[in-house]
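Asker: Going line by line, the protein sequences match chains F and L.
When we follow our numbering, the leftmost residue of the first sequence carries the number 455, and every step to the right adds one.
When we follow our numbering, the leftmost residue of the second sequence carries the number 5, and every step to the right adds one.
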Amino acid sequence: MNTRTRAIPFLFVTPSLLVLLAFGIYPLIYTIRLSFQTWLLFRPNIPPSPAGVANFGRLLADSQFGKSILTTLVFMGITLSAEFVLGFGVALLLNVIVKWRKVFRTVAMVPMTLSAIVAAVIWRLLYNPDFGLLNYFFQLLFGKRFFVNWLGDPHVALISICITDIWQWTPFVIVIVLAGLQSLPVEPYESAVVDGASGLQRLVYLTIPMMRTTILITLLLRGMDLINEFDKIFGMTFGGPGYKTQVVGLYLYRVGFRFYDMGYLAALCLMVLIFVMVITQILIRLIRR
Amino acid sequence: MESALIYFGLVVIAVLFLFPVLFTVQASFKNTIELTTLPPKIFFAPTLRHYWITIVQNATLVYYINSLVVTVASVIIVVFLGSLAAFGLAAFQYRSRDSLSFTILSMRMLPRICVVLPFFLLIVKLGLLNTKTALIIVYTVFNLPFTIYILEGFFGEVPKELRDAALIDGCNYLEVFRRVYLPLSGPGLVATASFCFIFTWNEFLFALVLTSNERAMTAPVEIASVVSLYGVDWGDLSAMATIAALPVVLFLFVVQRYMVRGLTMGALKG
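#1: Going by other Cβ atoms of all chains shown within 10 Å of its Cβ, with 16 needed for buried, is H609(F) buried or exposed?
#2: Decide yes or no for the touch test of the region 656-664 of chain F against the region 516-525 of chain F: beta carbon pairs closer than 8 Å, at least 3 of them.
#3: C175(L) touches chain F at which residues, Cβ-Cβ below 7 Å?
#4: At a Cβ threshold of 8 Å, is V264(L) touching chain F?
#5: Using a Cβ-Cβ distance cut-off of 8 Å, determine whether N682(F) contacts chain L.
#6: Does the Cβ of T196(L) have 16 or more other Cβ atoms within 10 Å, making it buried, or fewer, making it exposed?
#7: What are the complete beta strand (DSSP E) segments, minimum 3 residues, inside the region 52-89 of chain L?
#8: Would you mind reading off the limits of the alpha helix (DSSP H) that contains C200(L)?
#9: Rounded C-beta distance between L719(F) and L706(F)? I'm assuming under 8 Å.
#10: Can you tell me whether T246(L) is helix, strand or coil according to DSSP?
#11: On the DSSP letters alone, give me the boundaries of the alpha helix (DSSP H) that V162(L) sits inside.
#12: Can a CB atom of chain L be found closer than 8 Å to the CB of L580(F)?
#13: In angstroms, rounded to a whole number, what distance separates the CA positions of E641(F) and V544(F)?
#14: At which residue ranges does the region 609-663 of chain F contain complete alpha helix (DSSP H) runs of 4 or more residues, listed in the order of the chain?
#15: What are the boundary residues of the alpha helix (DSSP H) that includes L605(F)?
#16: Hey, V561(F) and F21(L): beta-carbon distance below 8 Å or not?
#17: Indicate whether at least one CB of chain L lies closer than 8 Å to the CB of V561(F).
#18: Counting only C-beta atoms, is D685(F) closer than 8 Å to chain L at any point?
#19: Please work out which residues of its chain come closer than 7 Å, Cβ to Cβ, to F91(L), disregarding the five sequence neighbours upstream and downstream, and give them in chain order.
#20: What residues are listed by DSSP as bridge partners for I494(F)?
#21: With a Cβ-Cβ cutoff of 8 Å, do A570(F) and F208(L) count as a contact?
#22: How long is the line joining the alpha carbons of F150(L) and F592(F), rounded to whole angstroms?
#23: Determine the contact status of V473(F) and V145(L), defining contact as a CB-CB distance below 8 Å.
#24: Going by DSSP, name the residue or residues bridged to P501(F).
#25: For chain L, is any of its Cβ atoms less than 8 Å away from the one on Y643(F)?
#26: Determine the chain L residues that contact T691(F) at a beta-carbon separation under 7 Å, and present them in chain order.
#27: P122(L) versus chain F: which residues are under 7 Å apart at the beta carbon?
#28: Whose C-alpha, out of L166(L), I152(L), P50(L) and A8(L), is nearest the C-alpha of F551(F)?
#29: Return the residues of the region 583-597 of chain F that lie within a Cβ-Cβ distance of less than 8 Å from chain L, sorted by chain order.
#30: Take every Cβ of the region 159-178 of chain L, pair it with every Cβ of the region 98-111 of chain L, and state whether three or more of those distances are shorter than 8 Å.
#31: How long is the line joining the alpha carbons of F626(F) and M563(F), rounded to whole angstroms?
#32: Starting from N206(L), find everything on chain F with Cβ-Cβ shorter than 9 Å and list it in chain order.
#33: Run down chain F in chain order and give the residues with a C-beta less than 8 Å from the C-beta of I117(L).
#34: Quick check on L527(F) - is its C-beta less than 8 Å from some C-beta in chain L?
#35: Determine the chain C residues that contact W238(L) at a beta-carbon separation under 7 Å, and present them in chain order.
#36: I want to know whether the region 497-509 of chain F touches the region 120-130 of chain L - three or more CB-CB distances under 8 Å.
Shown next as structure tokens:
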């Protein structure tokens, strides 16, 4: 193969690569530089000034930042587990039935196609403590004394947001797991039945091990999206009540676009970036095994 | 008997998924007074007042048009660039291929929040703040890794023999791309375009940060700004949400088969 032929695949890839590098690498370098400076955007006359590692020191002592990480992890934990268990369960059910499978799948995918802001609007209406359907429905069941301020009660707010996300994204898990289930070979199940294995045993010892890669990838994809969660919380509580639903994304947004503390934001972004990349690498190693 | 139970359970679940959406659509046709009192009326006289206020009085169509322009433009560019790159990755064998593919994919893993700041500063530096061009660029950059990843999977399914046959017949690589890979990957292109369309149409954070008025602001940002106000009219809000959701839901019904293939292609390929 001569040099010209070997260069051809790169010719196809280069335009995309250039775009990604130009708008990916350059901003990254700029951010690294900015994280060592102090730059308050609400004083436009004062240019960025060097600050050494002050931003990073501040970051380590920042309790709001630490709390936002905790909130994010709690949010991810609850939502991911629920989405996975429910999604896997529904996919198992769908795998069994014969008719209407595609219809159901399409219907279930509707929440996924909505903007997070639209989902936020929909659920704010349902969560409304005075005329929302959720309180009305539970009052029918449990009597007039039932009253929950879904988005305003500090103890409940995060769960409410989890519910909205579960509603919106469980179909994602359903679709992928269903496709995985349908591509499984039949013979192991036939021998298992002959050997007298129960449904539960077939599930635990056959289905789950064979679906290992699919499961891990689903968790990875949803996990990444959940770390990024911002739109829904912005639209529903904006971190309230009292910072109880402030995930990392929201805190970073406030630092940059409410306090306009750009240098500090840059430092925060870098920390989160490194953190996410480490986790991603670990998860990918797990999958590749 | 057992399957009847399963069907019943699935119907319940389907209702749970659909109900909130249908409720909001119904709410957009209800009088505000009927909307904010309990018990909720199932039968009511529908009104178009909220749509009138939204479209005519508040002139919000411009935001939806912005969304449409930005979405269509970026989807076209992304599918164009992405398919070329995916072809470069799928149709050839060379040493750096896997690491190149992986590098591109890992760019998708970057949390959006962390990328907002540098993008914001870059756009300001380019003087493109509050323009549709800035949004198109940003969405192209964001959809590229995912697009390349999915299309690479679809292109990988094209038998190498077809490529070789075309080469022997005297095609150059561009023609191989155009005449062999593209036609055979129709479903993949539809799937990818669908995802990019939905993601871009619904995108919020970057539109929020990079735009400030109707010159470039997209629908989700406008809806969110209304939500933040105290004393919001839920009927108007429901109407805005319905208009925003309508294109993508209709879109879903048309292309859902391809979308499922695209989703599973990305996940099952591993």
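Where is the CB? At the ideal position from N, CA and C, for every residue including glycine.
Answerer: From the atom records:
#1: Translated into positions along the first sequence, residue 609(F) becomes position 155. When all chains shown are included, H609(F) counts as exposed.
#2: no
#3: The sequence position of residue 175(L) within the second sequence is 171, counting from 1. The contacting residues do not exist; C175(L) stays about 13 Å from chain F at best.
#4: What you label residue 264(L) is simply residue 260 of the second sequence in a count that begins at 1. Cβ-Cβ to chain F under 8 Å: yes for V264(L).
#5: On the first sequence, position 228 is the one that residue 682(F) refers to. Yes, contact with chain L.
#6: In the second sequence, the residue the question calls residue 196(L) occupies position 192. Buried, by the Cβ-count rule.
#7: none
#8: Residue numbering aside, residue 200(L) sits at position 196 when the second sequence is read from its first letter. Where C200(L) is concerned, the enclosing alpha helix (DSSP H) stretches over G190 to N206.
#9: On the first sequence, position 265 is the one that residue 719(F) refers to. On the first sequence, position 252 is the one that residue 706(F) refers to. Between L706(F) and L719(F) the Cβ distance is about 6 Å, and since that is below 8 Å, they are a contact.
#10: Your numbering for residue 246(L) matches position 242 in the second sequence. In the structure shown, T246(L) sits in a helix (DSSP, three-state: H, G or I).
#11: What you label residue 162(L) is simply residue 158 of the second sequence in a count that begins at 1. First-last for V162(L): undefined, no H or E at that position.
#12: In the first sequence, counting from the first residue as 1, residue 580(F) sits at position 126. Output row for L580(F): interface = yes.
#13: Working through the first sequence from its first residue, we reach residue 641(F) at position 187. Working through the first sequence from its first residue, we reach residue 544(F) at position 90. Answer to the nearest angstrom: the Cα atoms are 23 Å apart.
#14: 611-636, 641-648 and 653-656
#15: As a working mapping, residue 605(F) is identified with position 151 in the first sequence. First-last for L605(F): undefined, no H or E at that position.
#16: Residue mapping note: residue 561(F) aligns to position 107 of the first sequence, counting from 1. Residue mapping note: residue 21(L) aligns to position 17 of the second sequence, counting from 1. Against a cut-off of 8 Å, the Cβ pair of F21(L) and V561(F) comes out as a contact.
#17: Position 107 of the first sequence, counted from the first residue, corresponds to residue 561(F). Answer yes: the Cβ-Cβ gap between V561(F) and chain L drops below 8 Å somewhere.
#18: As a working note, residue 685(F) is residue 231 in the first sequence. Answer yes: the Cβ-Cβ gap between D685(F) and chain L drops below 8 Å somewhere.
#19: Translated into positions along the second sequence, residue 91(L) becomes position 87. Contacts found: F159, F181 and Y185.
#20: For this step, residue 494(F) is matched to residue 40 along the first sequence. First, the residue type needs correcting, since residue 494(F) is Leu and not Ile in the sequence shown. Beta-bridge pairing links L494(F) to D715(F).
#21: As a position in the first sequence, residue 570(F) is number 116, starting the count at 1. As a position in the second sequence, residue 208(L) is number 204, starting the count at 1. It is a contact, given that the beta carbons lie within the stated cut-off.
#22: The count along the second sequence starts at 1 and reaches residue 150(L) at position 146. The count along the first sequence starts at 1 and reaches residue 592(F) at position 138. Cα to Cα, F150(L) sits roughly 42 Å from F592(F).
#23: Residue mapping note: residue 473(F) aligns to position 19 of the first sequence, counting from 1. Residue mapping note: residue 145(L) aligns to position 141 of the second sequence, counting from 1. Yes, Cβ-Cβ distance for V473(F) and V145(L) is below 8 Å.
#24: For the purposes of this step, residue 501(F) is taken as residue 47 along the first sequence, with counting starting at 1. According to DSSP, which records beta bridges pairwise, P501(F) is partnered with nothing at all.
#25: Stepping through the first sequence from its first residue, residue 643(F) is reached at position 189. No, its Cβ sits nowhere closer than 8 Å to a Cβ of chain L.
#26: Residue mapping note: residue 691(F) aligns to position 237 of the first sequence, counting from 1. Here the premise fails: no neighbours, minimum Cβ distance about 11 Å.
#27: Taking the first residue of the second sequence as position 1, residue 122(L) is located at position 118. Near P122(L) (Cβ distances below 7 Å), the residues of chain F are P481, L482, Y484 and T485.
#28: Start at 1 with the first residue of the first sequence, and residue 551(F) comes out as number 97. In the sequence under discussion, the amino acid at residue 551(F) is Ile, which differs from the Phe named in the question. Nearest option by C-alpha distance: A8(L).
#29: D584, F585, L587 and Y590
#30: no
#31: Here residue 626(F) is taken as the residue at index 172 of the first sequence, counted from 1. Here residue 563(F) is taken as the residue at index 109 of the first sequence, counted from 1. Cα to Cα, F626(F) sits roughly 7 Å from M563(F).
#32: Counted from its first residue, the second sequence places residue 206(L) at position 202. Under the 9 Å cutoff, chain F gives T567, L568, S569, A570, I571, V572 and D685.
#33: As a first step, residue 117(L) is located in the second sequence; it is residue number 113 there, counting from the start. Those are N682, F684, V702, G703, L706, Y707, C723 and V726, listed as they occur along chain F.
#34: Taking the first residue of the first sequence as 1, we reach residue 527(F) at position 73. Answer no: the Cβ-Cβ gap between L527(F) and chain L never drops below 8 Å.
#35: Included in the structure are the protein chains F and L, with no chain C among them.
#36: no
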